Each structure stands twice: as C-alpha cells, then as structure tokens.
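Written out below as structure tokens is the structure these notes cover.
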Amino acid sequence: MGNPLLCDDGVGLRVVAELKDRVDQPEVMIMETGIAGLALLDLLVGYDRAIIIDAIQTVGGKAGHIYRLDTKAFDAARHVVSPHDIDFTTALEFGKKLGLSMPKQIIIFAVEASDVTTFSEECTPEVKQAVPVCIEMVLRELN
Amino acid sequence: MKKITIDPITRLEGHGKIEIFLNDAGEVENTYFQVPELRGFEKFAEGRLAEDMPQITQRICGVCPEAHHAASAKCLDDLFHVDPPSPAKKLRELFYSSFFVTDHTTHFYILAGPDFVMGPEAPVAERNILGVIAKVGLELGGAVINTRMKNHRIIHMLGGRAVHPVFGLPGGVSKGLNEDERKEVEQIAKDSVEFAKLSLKVFDDIVLKNKEYLDMVLSDAYTHRTYYMGLVDEKNRVNFYDGKVRVVDPDGKEFVKYAPREYLEHIAEHVEPWTYVKMPYLKKVGWKGFVDGKDSGVFRSTPLSRLNAADGMATPLAQAEYERFYSTLGGKPVHQTLATHWARLVELLYAAERLHELSKDPEITSPNIRTIPTAKPDEGVGIVEAPRGTLTHHYITDENGIIKKANLIVATVNNVPAISMSVKKAAQALIKPGKKITEGLLNRIEMAWRPYDPCFGCATHTLPGQAPMEIVIYNSRGEVVKRLNR
Numbered sequence: 001m002g003n004p005l006l007c008d009d010g011v012g013l014r015v016v017a018e019l020k021d022r023v024d025q026p027e028v029m030i031m032e033t034g035i036a037g038l039a040l041l042d043l044l045v046g047y048d049r050a051i052i053i054d055a056i057q058t059v060g061g062k063a064g065h066i067y068r069l070d071t072k073a074f075d076a077a078r079h080v081v082s083p084h085d086i087d088f089t090t091a092l093e094f095g096k097k098l099g100l101s102m103p104k105q106i107i108i109f110a111v112e113a114s115d116v117t118t119f120s121e122e123c124t125p126e127v128k129q130a131v132p133v134c135i136e137m138v139l140r141e142l143n
Numbered sequence: 144m145k146k147i148t149i150d151p152i153t154r155l156e157g158h159g160k161i162e163i164f165l166n167d168a169g170e171v172e173n174t175y176f177q178v179p180e181l182r183g184f185e186k187f188a189e190g191r192l193a194e195d196m197p198q199i200t201q202r203i204c205g206v207c208p209e210a211h212h213a214a215s216a217k218c219l220d221d222l223f224h225v226d227p228p229s230p231a232k233k234l235r236e237l238f239y240s241s242f243f244v245t246d247h248t249t250h251f252y253i254l255a256g257p258d259f260v261m262g263p264e265a266p267v268a269e270r271n272i273l274g275v276i277a278k279v280g281l282e283l284g285g286a287v288i289n290t291r292m293k294n295h296r297i298i299h300m301l302g303g304r305a306v307h308p309v310f311g312l313p314g315g316v317s318k319g320l321n322e323d324e325r326k327e328v329e330q331i332a333k334d335s336v337e338f339a340k341l342s343l344k345v346f347d348d349i350v351l352k353n354k355e356y357l358d359m360v361l362s363d364a365y366t367h368r369t370y371y372m373g374l375v376d377e378k379n380r381v382n383f384y385d386g387k388v389r390v391v392d393p394d395g396k397e398f399v400k401y402a403p404r405e406y407l408e409h410i411a412e413h414v415e416p417w418t419y420v421k422m423p424y425l426k427k428v429g430w431k432g433f434v435d436g437k438d439s440g441v442f443r444s445t446p447l448s449r450l451n452a453a454d455g456m457a458t459p460l461a462q463a464e465y466e467r468f469y470s471t472l473g474g475k476p477v478h479q480t481l482a483t484h485w486a487r488l489v490e491l492l493y494a495a496e497r498l499h500e501l502s503k504d505p506e507i508t509s510p511n512i513r514t515i516p517t518a519k520p521d522e523g524v525g526i527v528e529a530p531r532g533t534l535t536h537h538y539i540t541d542e543n544g545i546i547k548k549a550n551l552i553v554a555t556v557n558n559v560p561a562i563s564m565s566v567k568k569a570a571q572a573l574i575k576p577g578k579k580i581t582e583g584l585l586n587r588i589e590m591a592w593r594p595y596d597p598c599f600g601c602a603t604h605t606l607p608g609q610a611p612m613e614i615v616i617y618n619s620r621g622e623v624v625k626r627l628n629r
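Note that the protein sequences, when read in sequence, are chains A and B.
Going by this note's numbering, the first residue of the first sequence is number 1, and it counts up by one from there.
Going by this note's numbering, the first residue of the second sequence is number 144, and it counts up by one from there.
Below you can see the structure in the form of structure tokens.
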C-alpha cells in the first residue's frame, strides 16, 4: 500500500515492485494499492492469508525501522479512525459479520517513515535503505 | 488569559489537530483547526507532461482519486483548447456520478451515521459501522457493500481498474460503453436509486423523527451564516461535473457566478501564522477574520453549500427531496452545519438518478468519444465538485505541453476557515467552567467538523499508530487538561 507521490509514503510500493520479480508462486497474488479502510476490504475478500507492506509513523519512531505487526497489534488500533473511512480492524470485522471470506491471517510489515507530506517520487535515504531489508522479511514470511 | 503563540513547526504532521485554549475562567477563548499540508506540489509538477496529470493527480488522494482525475481531464480540455464530443462528456459524467454514489455512501454510513445511530455519547469503540449494523441490521451493511462494489464495477468498466482509473484524456475519454455494459450500468443505477431512497428513510427514521437529534441539528452551536459555493448547470441546478461556480450570500442571493478561468478574480488566499495551509476567501468581500456574515469573505463548499447555491436538482426524486429539505428546515438557505449530512443524501439520490438517466441516453454507447486536440497548449483551468467541495486544477505549460506552473485548490482547503469557526462555536457552547470534559462532549465538538468530511490528503492509511485527528485542550497556563486521539 502507499502513495507513490508522497515521498516515504510510497515505500510499500517500492517493496512490492521488486517482490513481483522475486516471487513466482501461482498461489501468491501481488497487488499495489493507494487505498485503505472499506476499500481495502474489497481487495482482501477471498484470500486465506494477506501480507500488507506500508509506511507508518509512530511517536518517537526511527525512520527506516521495520515493524512486523499481527492481529494483536490491530486490536489496539480499533479506535483509530480515518476522517472518512473506517480503521482496519473494524473493516475486517465488518467483512466477517457480513459473511465475506476474509483472510485467516494478516501480517503487516510497516516501515517507519520520515516524510509523508512532501511531493516526491523518492523516499528519504533511511527509508530507501529499509527497502531491501523489508523485501527479505516478506520473502521469509512467504516461505 | 495567557497568550500562547503556536509555532507552526510544533504542529503535528500527518493528521488533523484541534487545539482549544481556555481562559482563566475556564471558558473557550480560542480554537485552532489544523490540517496537514502536502508540500511542494508546484515544484513536483514542473517539467511534467500535462497529459500525465490525470494519472498523477489522482494519486494525491486515496479517497477521491476520481475527483482529481475529472478536474485534471477538464483542465486539459481547456489547456489544449479542445471540446470533447457530446458522448464523451456524458461518459465522463456517468463515471463521475458512479463515483459520487460510492463516496457519499461511504461517508454517510462510516462517518456520519454512527454519531446519530449510536448517539454522540456512545463510546468510541461502538461509534462505527459495526455499531450501526448491530442497531439497524446486517442487511443494511450488506447493501452498503453491494452499492459500493457495483459502482466500483462501473469505474472499472470505463477506467480499466476500480482505483486510479485510466479514463480522461484531453478532448475525451479512452473507452466507451458497449450495449452489454450499458445494460449492466442501467441495472446498477436502478439499484443505486433504491439504495439512496433507503438511506434517506434511514436518516428520517433515526434523525428527523428523534427530537433530541433534530434539536441538535437546528441548534445555534452548529450554525453559521456564510456564503455558499457550488457548481451549477445552465438552469442553476446542482451539477457535480460541469457548469459555472455559483456563490450565494448568507441571505441566499446570487453574489457571483463565474467560469473556471475566472477563479482568480474571485478567490484569494489568506495566511495565518499557525498553519502553512492558505485559506481561500471571496476577494470582493475581503478577509475579515474567522467570522460569519455578509461582510466576511468566508465561504463554505460542501453538500449543504451546493444545495444552497443552486435553485434545485436536475432529477425528479432528488428535486422532491430538495424541496422537502428546505421546507423542513425553514427555507433557503440552510445554515445549520449538521444538515450537511442530509444534504449529502439528497446528493446521493441525485447522483444515482443522474447515473440512471445517462445510462439510458441514446449517445452513451456512441464510439465518438474523442476529439484529438490540434491547438497549441498554454493555460487551462478545470473545476469539478469533489464530494467534499469545489476542486480546482490550473496548469500553465509551454507550447509542448510541459508544465511550467500548476496550482490546485483542493476541496477541504476551501472549508478550513469555516471548519475552524464551527469547531470554535461548538467548543464555546459545550465547554463551560466547572463542567466535566467527557469523551461524549469532545465527540460533540468533533461533530462540528465531521459534516465537512475534511480530506487530509495523505491519510490513506489506517495502521496502528496513526491518529488522523487529535483534540487537545489547554488551560490558561498552557497545560494540557484533556487530550483525545482518534
């Protein structure tokens, strides 16, 4: 996930662009998207597992750090609400309540971003350096 | 009161922030509403091919990419001095109506609905779509998902994918509809009309028939008398895709109606020291501060504004709802901010009806979908109504179509002054000396900005750790007395 125009916000897309060349398993679908919340739900329906790669900004976080987050971490974000869409946890629960086939496991690899508000197609140096590390983490997760 | 200067550098990035300052008596003295500003767009756009802008600009926002795409395509028409053929304009409007159905549906049920269905005092964890479907039924939740999915199908049909479609070109569009696709669109449109009617009934049953909510909607705490802006067609009816920008004064009289190219004659920008965001205001009225009234250049650009700025709706069911809206709320214009949620549903119905009309238009399957530009490009302006307000794209290029300068006025920026005023007024009405500041109270302050559905641009993610909106209350010594993170 990410925004390719907003500097570090595009880190997820950079990881995925390279994963496309490195992953050759027919059961693995690699997608790029710039959306979240309810719209993300539409993309997840029907899959058994999902790995999401995205930028994140945390209080006191160091740019380039990579976090592996699972559903326990999502529960803490239940009350985090986008101004015009629902949070991830609520979106998943909503999908389940409607009887949609949601992934049984979702892992997020989140890269700590330095700048997500400046228009640029390049990431900052620390985040750029995190891209190959993140790729290896995702490949290990897949295997 | 201790005067506190807010250093813009201390403002939080990546999400919105409301800061409320109390005086010695514990009353609200000042409030500041801050949105994160996306920086450097003009430099970023310089040197790029103008024809790439519909693809580039729709990636600015993960919430309303179609709005940027449409505004950019119209800007390119103007830039290249080319008039798309009639079928192409209708296809663009069909595409755009479909987008409006999805966006207004999402906003109402995800953002606005919970406040009224669960109530403003309900805990945050319950004030969401899960709470709504627990109360009104799973079937409605299913209808929300279905309506969105079906209309995304239309966007996919025309633009090649549901998100970040490839569709608008200077002089037309890249793909038309065949008869099978047209039939599918027609059925989706019919279903969307029924869904919109259901949504208006939900609002009726839950809000309008509830005296406490109706009183809240009509209360002075959520009322401002401002100018109102919206795009209108040649009969001054609401149009999301095309027309002129009409502004009415707080009494509802037309103040100005301008073509896109004239926007700089009418809109100027005001700068405040505590935010980088520049605040648009009506040039010919002037900036008089964050105040209401005919002498203040503050205007609003929202679903409510669009209904106020127009003389009616262009489709029959929406027109009937428009008339009911005004007769219920005491005539035109309506100044109550919470009525924006109702206005949004009237627009949802219009979007669905318009989609249906266009799906049956004899030209809609025409293969004549593009006029190739032949003139040299120089300067262009394109304006559409994004769901959350008027969106302007302005490009200046060299004769090869390479951008020399680009300016965007995004929808939410129009409303920043009004949102600031709305938050302050609600805060002043609700925060009183000695009164405990509860989460429910802070939520009622948030209800002052939610109708505007402010777009924080880069807020495309909802991972743990992101807090798109924060309210902080300071006492007269500058100490934080309450903080609420969302």
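Glycine residues also receive a C-beta, built at the ideal position from the N, C-alpha and C atoms.
All values reported here derive from a predicted model rather than from experimental measurement.
Check: Listed by chain order, chain B residues near threonine 124 of chain A by CB distance under 8 Å; Outcome: Simply none; closest approach about 14 Å.
Check: Alpha-carbon spacing of proline 476 of chain B relative to glycine 532 of chain B, whole angstroms; Outcome: 17 Å
Check: Chain-order list of residues whose beta-carbon lies under 8 Å from that of aspartate 9 of chain A (same chain, five-residue window excluded); Outcome: Gly2, Asn3, Ala55, Ala113, Val116
Check: Inter-residue Cα distance where the pair is glycine 285 of chain B and glycine 190 of chain B; Outcome: 46 Å
Check: Inter-residue Cα distance where the pair is alanine 268 of chain B and glycine 34 of chain A; Outcome: 26 Å
Check: Tyrosine 371 of chain B versus aspartate 392 of chain B - alpha carbon distance; Outcome: 7 Å
Check: Complete alpha helix (DSSP H) runs within the region 322-362 of chain B (minimum length 4 residues, chain order); Outcome: 322-346, 354-361
Check: Three-state class that DSSP yields for phenylalanine 94 of chain A in the structure shown; Outcome: helix
Check: Where valine 28 of chain A falls, given that 16 or more other Cβ within 10 Å makes a residue buried; Outcome: exposed
Check: Residue nearest to methionine 292 of chain B in terms of C-alpha spacing, selected from B/Lys160, B/Asp323, B/Thr248; Outcome: B/Thr248
Check: Contacts that phenylalanine 184 of chain B makes with chain A (C-beta to C-beta distance below 8 Å); Outcome: Phe119
Check: Span separating the alpha-carbon of threonine 480 of chain B from that of phenylalanine 433 of chain B; Outcome: 16 Å
Check: Own chain residues within Cβ distance below 8 Å of serine 448 of chain B, not counting five before or after; Outcome: Tyr371, Met372, Gly373, Phe442, Gly532
Check: CB contact check: phenylalanine 109 of chain A to chain D, cutoff 7 Å; Outcome: Absent here is chain D; the protein component of the structure consists of chains A and B.
Check: Secondary structure of phenylalanine 238 of chain B, DSSP reduced to three states; Outcome: helix
Check: Burial state of histidine 307 of chain B, where buried means 16 or more other Cβ atoms lie within 10 Å; Outcome: buried
Check: Through-space distance from glutamate 185 of chain B to proline 125 of chain A, alpha-carbon basis; Outcome: 23 Å
Check: Neighbourhood of isoleucine 539 of chain B by C-beta distance below 6 Å, restricted to the same chain and skipping five residues each side; Outcome: Glu522, Lys547, Lys548
Check: Short Cβ contact (7 Å threshold) for proline 263 of chain B with arginine 587 of chain B; Outcome: yes
Check: Burial state of histidine 633 of chain B, where buried means 16 or more other Cβ atoms lie within 10 Å; Outcome: For residue 633 of chain B there is no data in the structure shown, the boundaries of chain B being 144 and 629.
Check: Beta-bridge pairing of aspartate 392 of chain B - partner residues as DSSP gives them; Outcome: None; aspartate 392 of chain B has no bridge partner.
Check: Ranges of the beta strand (DSSP E) found wholly within the region 384-466 of chain B, counting only runs of at least 3; Outcome: 387-391, 397-401, 410-413, 422-425
Check: Environment of arginine 22 of chain A [buried if 16+ CB atoms lie within 10 Å]; Outcome: exposed
Check: C-beta neighbour in chain A for threonine 533 of chain B, strict 7 Å; Outcome: no
Check: Tyrosine 252 of chain B: CB within 6 Å of a non-hydrogen atom of the ligand COA; Outcome: Among the ligands in the structure shown, none appear at all, so the ligand COA cannot be discussed.
Check: Contact under 7 Å by Cβ, alanine 529 of chain B with valine 489 of chain B; Outcome: no
Check: Residue-level contact to chain B via CB, leucine 38 of chain A, 7 Å cutoff; Outcome: yes
Check: Entirely enclosed beta strand (DSSP E) segments - the region 150-205 of chain B, minimum 3 residues; Outcome: 159-165, 171-177
Check: N- and C-terminal bounds of the beta strand (DSSP E) containing asparagine 550 of chain B; Outcome: 546-552
Check: Cutoff 7 Å: valine 15 of chain A Cβ touching any chain B Cβ; Outcome: no
Check: Burial state of lysine 20 of chain A (16 or more Cβ within 10 Å); Outcome: exposed
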